[in-house]
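Top line first, the protein sequences correspond to chains A, B and C. If you read the first sequence in the numbering used here, its first letter stands for residue -8, the second for the next number, and so on. If you read the second sequence in the numbering used here, its first letter stands for residue -8, the second for the next number, and so on. If you read the third sequence in the numbering used here, its first letter stands for residue -8, the second for the next number, and so on.
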Amino acid sequence: MKAQRMDRSVAIAAREYAPYLEATWGFKNHWYPAFFSQEISENEIKAVTIAGHDIVLRRVHGRLFGLRDKCAHRGARFSQEPMCLNDESITCWYHGFTYGLSDGVLKTILASPEDPIIGKVRIRTYPVEERGGMVFIFVGDEDYRPLPTLESDQPPRMTDNPVFPYLFDENVFSRGIHRTVNSNWRLGMENGNDPTHILIHRKNFYVVMSGSKLPLGFLPASPEAGKFIEMPDGQKGVWGVNHDHYRPIMENRYLGLSVPKPVAGPRIDTYRISSWMPSALLVEDFPGSEWSTIEWYVPIDDTRHEYWQVALKLCRDENDRKAAAEFYETIGLPIGFENFNEIDLVARERLQQHYQDPEQFGQEAFFAGDIAIVSWRKLASRFNRGIQAAPQQSER
Amino acid sequence: MKAQRMDRSVAIAAREYAPYLEATWGFKNHWYPAFFSQEISENEIKAVTIAGHDIVLRRVHGRLFGLRDKCAHRGARFSQEPMCLNDESITCWYHGFTYGLSDGVLKTILASPEDPIIGKVRIRTYPVEERGGMVFIFVGDEDYRPLPTLESDQPPRMTDNPVFPYLFDENVFSRGIHRTVNSNWRLGMENGNDPTHILIHRKNFYVVMSGSKLPLGFLPASPEAGKFIEMPDGQKGVWGVNHDHYRPIMENRYLGLSVPKPVAGPRIDTYRISSWMPSALLVEDFPGSEWSTIEWYVPIDDTRHEYWQVALKLCRDENDRKAAAEFYETIGLPIGFENFNEIDLVARERLQQHYQDPEQFGQEAFFAGDIAIVSWRKLASRFNRGIQAAPQQSER
Amino acid sequence: MKAQRMDRSVAIAAREYAPYLEATWGFKNHWYPAFFSQEISENEIKAVTIAGHDIVLRRVHGRLFGLRDKCAHRGARFSQEPMCLNDESITCWYHGFTYGLSDGVLKTILASPEDPIIGKVRIRTYPVEERGGMVFIFVGDEDYRPLPTLESDQPPRMTDNPVFPYLFDENVFSRGIHRTVNSNWRLGMENGNDPTHILIHRKNFYVVMSGSKLPLGFLPASPEAGKFIEMPDGQKGVWGVNHDHYRPIMENRYLGLSVPKPVAGPRIDTYRISSWMPSALLVEDFPGSEWSTIEWYVPIDDTRHEYWQVALKLCRDENDRKAAAEFYETIGLPIGFENFNEIDLVARERLQQHYQDPEQFGQEAFFAGDIAIVSWRKLASRFNRGIQAAPQQSER
């Protein structure tokens, strides 16, 4: 038997998600989180790169405006030296080209107020929405219409979960972090909803000390495991770990290993995971009982993504909120998002060494446990609104 | 209106300076400054890279010789470990290949004095001239003839300026610095002679504290503004800021800004700027009254240039020289060349992010204030003596 | 005479060793040293890259196994987080793919013990031999047969040297070091067996203080100088410095230099040098009288090689071994391998600047002293077992 990495069935599967294999720079015409609201104060200017789009944001009278972060004149970036001379515009620090915040049209040039190109040149703008303490940007084609709803690009309300904290509800406590990871965004997505990657968490302090035991992994146990979830508001997702459709694997005889049955602990074994277009993961019952976590793996460029972790909990009153804040600060953030998920960042960056060659996507030797990843790839191939091309001169 | 960066007239203009757009590595068959004389002592060896040419210089009995800094045998650089065993040659540190300083011919091999290749192999030499305390090298084709005069590639004597300090005159005080900037050389040239880039100097300490006020910029006010200047000794130039052909812009109503009229200060508002082939800028009345400055933006490679700033002043006697030296050390250098021009370096390196893609040259959204830059591009396209190709094996 | 680097005879010579010019990544289907035995303890896992092959080694019950350091599933490297769950296998840290050490076959998946791909996927293995305190790996095509002997790829026993310490003999004291050098492996080989590169050692402390004098270099003095050496056990080599076939050059009249005749010192002038396929150098009488040194220049990738220096000495008894160890620690290592050979590393890395362009191999202006290098190139072109291609997806 010659060393091999791919058999016929893998090749067939790869053809079924061919569009996904091209999405090195992510999918376009979707909403992506850019900042927490509190990260942009009144009058502040902030820059962010999403799926290769360099975007500058300015907040004026509370409202946020998003524009291409590059002056049409000579390509200087506004964010290199923020300069705003009135409430309706942003000015380039180099020659004073001044653009309207809401339409991107060149309104004046500082030293050439009568210039014939005024009003005839513009830079593109980006739709911005601020909800639930977060700033989302619609990234893709400027003329894409109709604009999809923000809700359609977020994990949906899980109506079978009686304590489900929906991201945009009023009575939800929401707090989180985001950081840059040096891997392609797909390695983030595929690590998050992978039902057998939990092997890497086996040595985690929290898991060991809590008396909970992680199984060796989960395998599909019903035809539901790989099906698409299509929600009324347009959300499209697939299940990762879901105890209704997956079964925990507790032993491996070849290696002489068996995992003690889970004890009654903080119910870590009850979590449920699902992936959502364009790049979000929903983890119910994490980082604690009755909590949920949303993770986003937002493409920055071909080799980096912004990793978001936001913890959510329903709160009836202010006491609930205080308790939630205390849990988040003492357990959720340090033990969950930081200690528990740290190895996930490591795994993604290790894999990037291999996937640096983008041709490696689609060459995997997949096994039964990879059904969640394969389903995700098919879902994304079918429901994306366009594949983001590598940035070119005309788009940047 | 779709976001755009270039209209028809820009495209037409770009065609008029197409050769300039190719000059990523600079123009060849021109004289460029390489060192201040005092930087190469007797018997010292120094290396410099100009427009992709790696050149080694050796000074013997006061005279400078320039050769290709690469041994014909195996490509070792002489400057990696200088070795000279007599007054007429330079020897490679690796195997002792020894070349004549004046003709580049292989004169001996240390370990093989009778070798048949002796006298049959050579490395190329470069013309070197030392004038006004500076060392200039003629960079380009080895067989280019006739050799142009050094004067033809420097800013000329400005006969309408009664106190003009000509670079090569005896009674001129001359002192300066040079440093490497991480941008293409053209971004240096185009920042220097740009009549509206002065916006970036508005917050400069010297400008603010001196009571001088810089206008928002200068716009062309006569057909002379964009004309070529062709001098009797062969120098070719264009005007940047010139109060005869440009008018200062003192207000912008859209933004509600106006600049107070210049007060009588150190006459900073009287400076006059011109650009000269192949890569020099002349600034009259800077860094002080009756001074001039020459800047050079010497191509090193495609992404770096050596930035020269030399202050010049006419001196009748030794007292004048002492006063000039004191002014240079206390004002000219720290307040002018360093403090005032620092933001110019920043601007060039910021723009390099955009022009890293060399296709961006010629894609600009130019406006009325860019006439000096457009004229410079046309001048350079017409009067260059050749476009330097990226270094290739046969040339390096 | 135009500056030139190559004449007709050089071009002809280059055609005679065309295969060598392609060997940027080394030759395949040869044995290369990977570690000293003591560098891999029982149960330890170590990774090494040779000629672009990423290899992981594990020692179990004393025996070493070599496998491709990349899981077939998703390309994770085993060595990123070593994990072994029994004595016959290696397990990937990410999803528990577990491969047999001796055959590379997928034996189980931790979370999917009944998976249909078990037994059907494998990763390639590498032959490993451990001899004389060193670990050698056969790098190349997995199906290359018959496997050449380890001896055929090492310097042979020199039967005309009565005190010759053969690498694999029982009564040989052997100790050494290895380190990474930032140059192509061929610059290592060609520096080692170069009879005129000794110029760079002329200022060496040990040479100067010992009263020994190095000549300016050695030139061929008999037709034997460039001949191939073909040994009964299959070793193929060429002479570098060999006092029977080369003569020392003691003066250069053009430069007015002459070297005093060698004095009776530590016989450094009696050393003899030969190069051996695929990448070894044998230096007899170094770092001391009656010692030998083997150097290897093992290709890592196209721009780096692992530089090995191993000192060997015949020892009749334990006292001999103690004396040898003391000499090695106080003279052989610090004065020889470190101080004396340091400039060789510098030379190779300096030359890499030039040979970064792989087209430079074959463009040299060779002279009489280069016969050893030219002969080596021809030998390697004729007796290599294949040219290692740059690593591709299917091979990595």
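Here a beta-carbon is modelled for each residue, glycine too, at the ideal position from N, C-alpha and C.
- So, is isoleucine 364(C) buried or exposed, given that buried needs 16 or more other C-beta atoms within 10 angstroms? buried
Taking Cβ positions only, does glycine 231(C) come closer than 8 Å to chain F?
This model lacks chain F altogether, as its protein chains are A, B and C.
Of the listed residues Leu141(C), Phe196(C), Thr82(C), nearest to tyrosine 23(C) (C-alpha basis):
Leu141(C)
Closest Cβ-Cβ distance between isoleucine 362(A) and chain C: below 8 Å? no
Subject >> CB contact check: glutamate 40(C) to chain A, cutoff 8 Å >> reply: Going by the sequence as given, residue 40(C) is threonine instead of glutamate. Output row for threonine 40(C): interface = no.
_If I follow the unbroken alpha helix (DSSP H) through lysine 313(B), where does it start and stop?_
309 to 318
Per DSSP, the bridge partner or partners of phenylalanine 88(C): Ile100(C)
| task | Would you check if the distance between the CB atom of tyrosine 85(A) and the CB atom of lysine 98(A) is smaller than 8 Å? | result | no
Inset, instruction - Could you check the C-alpha separation between glutamine 379(B) and isoleucine 240(B) for me, to the nearest Å? - result: 38 Å
Taking the beta strand (DSSP E) that glutamine 300(A) belongs to, which residues open and close that run? 296 to 305
**Message:** Just to confirm my understanding: we take phenylalanine 26(A), look at its own chain, exclude 5 residues before and 5 after, and list those with CB closer than 8 Å. What are they?
**Reply:** Lys37, Val39, Leu48, Met125, Val126
Got a sec: which bits of the segment 331 to 358 of chain C sit with their beta carbon under 8 Å from any beta carbon on chain B, in order along the chain? Ala338, Arg341, Leu342, Gln344, His345, Tyr346, Asp348, Glu350, Gln351, Gln354, Glu355, Ala356, Phe357, Phe358
Any C-beta of chain C under 8 Å from that of serine 70(B): no
Should glycine 256(A) be labelled buried (16 or more other beta-carbon atoms within 10 Å of its own) or exposed?
Its pLDDT being 48, under 50, glycine 256(A) is placed unreliably in this model, and the coordinates cannot settle the point.
| field | Cβ distance (whole Å) where arginine 50(B) is taken to contact glutamate 72(B) below 8 Å | value | Going by Cβ atoms, the distance from arginine 50(B) to glutamate 72(B) rounds to 18 Å, so no, they are not a contact pair.
Return no unless some Cβ of chain C is closer than 8 Å to the Cβ of isoleucine 191(A).
-> yes
Count the other CB atoms within 10 Å of the CB of isoleucine 168(C); is the residue buried (16 or more) or exposed (fewer)?
exposed
- [ ] At 9 Å on the CB atoms, spell out the chain B contacts of aspartate 106(A), in chain order.
- [x] Leu210, Phe358, Ala359, Gly360
Legend entry - Under the three-state DSSP convention, the category phenylalanine 129(A) falls into: strand
Just to make sure I have the definition right: I need the residues of chain C whose C-beta is within less than 7 Å of the C-beta of arginine 136(B). Which are they?
Ordered by position in chain C, no residue passes the 7 Å Cβ test against arginine 136(B), which lies about 14 Å from the chain.
| Closer than 8 Å, CB to CB, is isoleucine 240(B) near chain A or not? | yes
Spatial neighbours of glycine 323(A) in its chain, beta-carbon cut-off 6 Å, leaving aside the 5 residues before and after: Pro278, Ala302
For valine 163(A) and aspartate 308(A), the rounded distance between their alpha carbons:
10 Å
Just to confirm the assignment, what range does the beta strand (DSSP E) spanning aspartate 293(A) have? Aspartate 293(A) -> no beta strand (DSSP E), and no H or E assigned at all.
Cα-Cα separation, glutamine 145(A) to phenylalanine 159(A) = 10 Å
Item to complete: To the nearest angstrom, report how far apart tryptophan 367(A) and isoleucine 189(A) are at their CA atoms.
Response: 18 Å
Q.
Based on DSSP bridge pairs, tell me the residues matched to phenylalanine 209(A).
A. Pro239(A)
inquiry  = Please classify asparagine 390(C) as buried or exposed, where buried requires at least 16 neighbouring CB atoms within 10 angstroms.
reply    = Lying before the first or after the last residue shown, residue 390(C) is absent from chain C, which here runs from -8 to 387.
- Query: Looking at the C-beta of leucine 272(C), does it have a partner C-beta in chain B at a distance below 8 Å?
  - Reply: no
request  = Return the residues of the segment 55 to 68 of chain B that lie within a Cβ-Cβ distance of less than 8 Å from chain C, sorted by chain order.
outcome  = Arg59, Lys61, Ala63, His64, Arg65, Gly66, Ala67, Arg68
Problem - Burial state of isoleucine 259(B) (16 or more Cβ within 10 Å) - result: Its pLDDT being 46, under 50, isoleucine 259(B) is placed unreliably in this model, and the coordinates cannot settle the point.
Problem - Contacts around tyrosine 11(A), its chain only, beta-carbon distance under 6 Å, and the 5 residues preceding and following it disregarded - result: Arg368, Ala371, Ser372
Check your understanding: Where does valine 232(B) sit, in a helix, a strand or coil, going by DSSP?
Key -> coil
### Message
Taking the alpha-carbon of aspartate 60(B) as reference, which of His52(B), Phe69(B), Arg54(B) has the nearest alpha-carbon?
### Response
Phe69(B)
- Could you work out which residue in Arg244(B), Arg312(B), Arg238(B) is closest to phenylalanine 209(B) when comparing CA atoms only? Arg238(B)
To the nearest whole angstrom, what separates the beta carbons of serine 280(C) and leucine 272(C), a pair I think is in contact under 8 Å? Not confirmed; about 19 Å, so no contact.
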